[in-house]
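Counting in my numbering, the sequence shown runs from 392 upward without gaps.
All C-beta atoms, glycine included, are put in the ideal place defined by N, C-alpha and C.
Worksheet for the structure shown next.
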Amino acid sequence: MRSLVNRQYQPKAWEWRLLVLIVLPPVLSWFASWHWLLDVLTSFVPYYLLACLLGAVWWVWRRFIGLALLCLIVSAVMAVQIGLAMSPSLGTPVATAPTIKVAQFNISLLNPNLPAFFSWLNRKHADTDIVVLLEAGPALTPLLASMKSHYPYQSMQLDDSPFGIAMLSRLPDTHLELVNDSFPYIEAQVNIAGRTLHVIGVHPPPPISGSLTQARNHQLQQLAQRVSRQAPDSVIVVGDFNITPWSPWYRRFLEESGLHAANQQWQPTWAPYSSEHWRLVPIDLTFHSDKVNLLARQVGPAFESDHRVVISTWQLSARVVTDSITWPSE
Numbered sequence: 392m393r394s395l396v397n398r399q400y401q402p403k404a405w406e407w408r409l410l411v412l413i414v415l416p417p418v419l420s421w422f423a424s425w426h427w428l429l430d431v432l433t434s435f436v437p438y439y440l441l442a443c444l445l446g447a448v449w450w451v452w453r454r455f456i457g458l459a460l461l462c463l464i465v466s467a468v469m470a471v472q473i474g475l476a477m478s479p480s481l482g483t484p485v486a487t488a489p490t491i492k493v494a495q496f497n498i499s500l501l502n503p504n505l506p507a508f509f510s511w512l513n514r515k516h517a518d519t520d521i522v523v524l525l526e527a528g529p530a531l532t533p534l535l536a537s538m539k540s541h542y543p544y545q546s547m548q549l550d551d552s553p554f555g556i557a558m559l560s561r562l563p564d565t566h567l568e569l570v571n572d573s574f575p576y577i578e579a580q581v582n583i584a585g586r587t588l589h590v591i592g593v594h595p596p597p598p599i600s601g602s603l604t605q606a607r608n609h610q611l612q613q614l615a616q617r618v619s620r621q622a623p624d625s626v627i628v629v630g631d632f633n634i635t636p637w638s639p640w641y642r643r644f645l646e647e648s649g650l651h652a653a654n655q656q657w658q659p660t661w662a663p664y665s666s667e668h669w670r671l672v673p674i675d676l677t678f679h680s681d682k683v684n685l686l687a688r689q690v691g692p693a694f695e696s697d698h699r700v701v702i703s704t705w706q707l708s709a710r711v712v713t714d715s716i717t718w719p720s721e
């Protein structure tokens with residue numbers, strides 16, 4: 392009878408396997424700088440947090456308090472990770488400073504719903520000054536041509552790969568430069584009220600192999616060096632970075648570039664599968680220099696892409712941080 396009771400209150404073999412499946416990935420992600428596969432794990436921290444919390448509930452129900460505490464400890468560490476990466480920071484509007492609105496969108500290659508995106512942009516955000524489109528294929532050509540009257544300044548490298556890119560601007564005196572690196576990016580240089588604004592749209596490769604992870608990190612390093620040389624000017628960098636705030640390479644990019652992250656609110660934009668309601672991963676990122684205030688950052692619909700639109704509003708003035716902010720979303 393005693394051995395029967397002991398077996399009854401011991402976790403079953405499948406429960407031990409479940410525990411390893413829940414706890415091991417987030418723990419391994421803490422050592423992301425060791426190997427590119429561990430860096431991939433940092434992309435799914437929100438999912439790990441949910442899994443660990445559900446695991447803790449399960450172990451409490453099964454009366455295995457020690458295992459429940461283990462899940463809660465791992466959950467607490469991840470909650471701190473998320474909280475540190477998403478602490479709010481917005482600038483104070485200055486009445487006399489010019490305002491700029493930027494839209495960024497990984498439209499997803501072969502997306503059939505692009506006309507709906509442009510219609511939405513014209514209807515709800517007609518005052519958008521600069522539009523950055525990623526995964527821009529040749530099928531986009533007629534749509535971009537139709538936008539020429541509203542966005543007369545355009546630069547693009549349309550491609551049937553995920554690394555086509557386009558940037559549109561309606562701001563006068565815009566100079567667009569297509570940088571043909573291994574993975575192209577576009578920089579807009581605009582003279583506004585006697586000040587120079589640089590807006591850079593990027594799409595580094597995803598970390599799905601050792602070589603692509605190395606290429607992503609190399610492009611981020613090159614970009615950080617380019618931005619640091621532009622320090623006297625105002626700089627905004629947007630795009631699908633294929634990196635999350637929990638990766639050590641994200642932190643290194645911030646340190647080397649001297650930029651500030653504008654991704655500091657719970658505004659995820661991507662999911663590893665097609666789901667409108669479970670996009671928990673923030674990889675469509677926004678960064679800025681000291682001389683630009685972020686006034687608002689909105690996340691819009693997906694329009695059948697695996698990403699969501701991001702609209703950010705900026706002001707060219709010295710950065711003054713406030714504690715009380717409002718983050719709108721659509």
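Does DSSP put residue i in a helix, a strand or coil?
i, result
"residue 427", "helix"
"residue 642", "helix"
"residue 525", "strand"
"residue 410", "helix"
"residue 617", "helix"
"residue 594", "coil"
"residue 508", "helix"
"residue 496", "strand"
"residue 719", "Caution is warranted here: a pLDDT of 42 is assigned to residue 719, below 50, making its placement in the model unreliable, and no coordinate value can be reported."
"residue 399", "A caution first: residue 399 carries a pLDDT of 49, below 50, which makes its placement in the model unreliable, though a value can still be read off. Three-state result, residue 399: helix."
"residue 583", "strand"
"residue 635", "coil"
"residue 693", "coil"
"residue 517", "coil"
"residue 530", "helix"
"residue 552", "coil"
"residue 392", "Residue placement at residue 392 is poorly supported in this model, since its pLDDT is 42, which falls under 50; the coordinates still yield a value, given next. Looking at residue 392 - three-state DSSP - the assignment turns out to be coil, as it is neither helix nor strand."
"residue 602", "helix"
"residue 653", "coil"
"residue 714", "Its pLDDT being 42, under 50, residue 714 is placed unreliably by the model, and nothing is read from it."
"residue 537", "helix"
Among the options, whose alpha-carbon lies nearest the alpha-carbon of residue i?
i, options, result
"residue 698", "555, 631 and 705", "631"
"residue 662", "696, 416, 702 and 508", "696"
"residue 706", "682, 519 and 550", "682"
"residue 692", "658, 680 and 644", "658"
"residue 582", "599, 573, 561 and 570", "561"
"residue 585", "509, 563 and 553", "563"
"residue 543", "527, 556, 551 and 520", "520"
"residue 420", "639, 568 and 625", "639"
"residue 552", "596, 470 and 493", "596"
"residue 675", "473, 570, 628 and 474", "628"
"residue 492", "473, 512 and 474", "512"
"residue 433", "456, 672 and 602", "672"
"residue 654", "587, 518 and 701", "701"
"residue 427", "408, 549 and 602", "602"
"residue 599", "430, 587, 454 and 620", "430"
"residue 616", "650, 556 and 565", "650"
In the DSSP output, which residue or residues are listed as bridge partners for residue i?
i, result
"residue 705", "491 and 685"
"residue 576", "570"
"residue 630", "593 and 676"
"residue 546", "558"
"residue 661", "672 and 698"
- Query: How about the region 462-470 and the region 438-446: do they share at least three Cβ pairs that are nearer than 8 Å?
  - Reply: yes
- Message: Quick check: the region 565-578 against the region 532-539, are at least 3 beta-carbon pairs closer than 8 Å?
- Response: no
- Query: Can at least three beta-carbon pairs, one atom from the region 673-688 and one from the region 620-629, be found at a separation below 8 Å?
  - Reply: yes
- Query: Do the region 406-420 and the region 446-462 make contact, defined as three or more Cβ pairs closer than 8 Å?
  - Reply: yes
- Message: Between the region 604-613 and the region 500-520, can you find at least three pairs of beta-carbon atoms closer than 8 Å?
- Response: no
- Taking only runs that begin and end inside the region 449-480, name each unbroken alpha helix (DSSP H) of 4 or more residues, in chain order. 456-476
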